[in-house]
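**Student:** First, the structure itself, so that you have it in front of you.
Chains as they are written, first to last, in our numbering: chain A, 3 to 103; chain B, 3 to 103; chain C, 3 to 103.
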């Protein structure tokens with residue numbers, strides 16, 4: 003079995019941004035995503051005390067060049083206006099699995 | 003304090019597969035796991051619009067050789083039949099902690 | 003766009019430890035965090051069968067030296083007494099974003 007390295011892009015954002023972010027991810031080439039619930043408090047003093055309608059963790063496995071484009075897009079269009087965290091991680095998948103779910 | 007690198011295996015799968023996957027993880031040598039709720043949409047067009055009974059994120063910290071065996075096992079026995087995502091990440095833990103929880 | 007590598011610290015702990023751990027993270031220099039729900043079973047035989055009030059996944063993006071201090075602190079003050087998992091991962095962020103949320 004051969005492994006290959008791809009990028010996991012993780013985005014933490016307010017739930018109201020879900021549709022907009024997912025639309026952008028698809029436009030930038032992401033083929034699937036996973037969403038989990040989150041809450042947090044950060045450098046801007048935002049606090050979410052319950053689990054409903056607050057923050058989402060959006061994750062997508064993509065090729066490195068798409069990961070770069072996603073980060074660039076978020077930095078340009080989201081970071082100035084919204085409380086969004088985004089980071090990428092190198093992960094290993096089975097070659098040929100096409101990030102399926 | 004000395005750190006050591008181990009593998010974090012992340013599996014996103016339908017909730018109905020939980021018992022089967024956890025059984026397999028134990029058989030392959032995993033000694034503990036963490037489960038979170040997830041939903042997603044991917045290359046097969048699966049869509050989960052609510053949080054109940056849909057997808058789980060299953061994570062386990064294991065030695066590299068066990069991580070390889072888990073990916074191999076999933077690729078052989080799950081990928082052809084189920085909408086499963088799996089990937090491994092290098093993470094650092096405190097040496098001697100035995101991935102405890 | 004320039005990327006920089008920082009450390010993602012992930013902590014899985016019982017929900018009753020939330021305030022204590024968050025206090026310690028702030029004291030050690032973390033400027034924000036994300037929390038998700040989790041459950042698990044591990045080497046100590048702890049089992050959480052439902053989602054309420056059991057385990058939390060606490061994540062924070064920090065500089066490498068702060069990540070080391072957090073792991074050291076957890077290993078000294080939590081591992082002997084509580085069922086806590088902690089690990090760090092190298093992740094890439096857009097330089098200058100200051101881990102914002």
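All residues carry an ideal CB built from backbone N, CA and C; glycine is no exception.
Taking only beta-carbon atoms, is residue 23 of chain A less than 8 Å away from chain B?
**Tutor:** no
**Student:** At 3 residues or longer, and completely inside the stretch 49-101 of chain A: list those beta strand (DSSP E) runs for me, N to C.
**Tutor:** 57-64 and 87-96
**Student:** Given a cut-off of 8 Å on the beta-carbon distance, is the pair residue 85 of chain C and residue 58 of chain C in contact?
**Tutor:** no
**Student:** Counting only the same chain and skipping the five closest in sequence on each side, list residues whose C-beta sits under 6 Å from that of residue 97 of chain B.
**Tutor:** 4 and 6
**Student:** Where does residue 41 of chain B sit, in a helix, a strand or coil, going by DSSP?
**Tutor:** strand
**Student:** Find the residues of chain C that neighbour residue 38 of chain B, judging by a C-beta separation of less than 7 Å, and give them in chain order.
**Tutor:** 38, 39, 40 and 59
**Student:** Just to confirm my understanding: we take residue 80 of chain A, look at its own chain, exclude 5 residues before and 5 after, and list those with CB closer than 7 Å. What are they?
**Tutor:** 86
**Student:** In three-state DSSP terms, what is residue 16 of chain B?
**Tutor:** Residue 16 of chain B: strand per DSSP, three-state reduction.
**Student:** Does any residue of chain F bring its CB to less than 8 Å from the CB of residue 89 of chain C?
**Tutor:** As a matter of chain content, chain F is missing from the structure shown, whose protein chains are A, B and C.
**Student:** Do you know how far the Cα of residue 8 of chain B is from the Cα of residue 94 of chain C?
**Tutor:** 19 Å
**Student:** Any chance the stretch 23-37 of chain B sits against the stretch 65-82 of chain B, with 3 or more Cβ pairs inside 8 Å?
**Tutor:** yes
**Student:** Excluding the 5 residues preceding and the 5 following residue 32 of chain B in the sequence, name in chain order all residues of the same chain whose CB lies nearer than 6 Å to its CB.
**Tutor:** 62 and 64
**Student:** In the DSSP output, which residue or residues are listed as bridge partners for residue 5 of chain B?
**Tutor:** B/96
**Student:** On the DSSP bridge assignment, give the partners of residue 10 of chain A in chain order.
**Tutor:** A/63 and A/91
**Student:** Are residue 12 of chain B and residue 89 of chain B closer than 8 Å when you measure CB to CB?
**Tutor:** yes
**Student:** Return the Cβ separation of residue 38 of chain C and residue 38 of chain B in integer angstroms, given the expectation that the two are a contact with Cβ distance under 8 Å.
**Tutor:** In this structure residue 38 of chain C is in contact with residue 38 of chain B, their Cβ atoms being roughly 6 Å apart against a cut-off of 8 Å.
**Student:** Mind pulling the chain A residues with CB within less than 7 Å of residue 74 of chain B?
**Tutor:** 3
**Student:** Tell me which same chain residues have a C-beta within less than 7 Å of the C-beta of residue 70 of chain C, skipping the five on either side of it?
**Tutor:** Its chain contains no residue whose beta carbon lies nearer than 7 Å to that of residue 70 of chain C once the 5 sequence neighbours on both sides are disregarded.
**Student:** Which residues in the same chain as residue 68 of chain A place their Cβ atom closer than 7 Å to its Cβ, once the five residues preceding and following it in sequence are excluded?
**Tutor:** If we look at residue 68 of chain A and ignore the five residues flanking it on each side, its Cβ neighbours are 30, 31 and 32.
**Student:** So, is the C-beta of residue 10 of chain A closer than 8 Å to a C-beta in chain B?
**Tutor:** yes
**Student:** Using only the alpha-carbon positions, how far apart do residue 18 of chain B and residue 17 of chain A sit?
**Tutor:** 26 Å
**Student:** Between the alpha carbons of residue 72 of chain A and residue 82 of chain A, how many angstroms are there, rounded?
**Tutor:** Distance between the alpha carbons of residue 72 of chain A and residue 82 of chain A: 15 Å.
**Student:** Does residue 13 of chain B come within less than 8 Å of chain C when only Cβ atoms are used?
**Tutor:** Chain C has no Cβ within less than 8 Å of the Cβ of residue 13 of chain B.
**Student:** Quick one: Cα of residue 40 of chain C to Cα of residue 10 of chain C, how far?
**Tutor:** Answer to the nearest angstrom: the Cα atoms are 18 Å apart.
**Student:** Alpha carbon to alpha carbon, what distance is there between residue 91 of chain B and residue 60 of chain B?
**Tutor:** 13 Å
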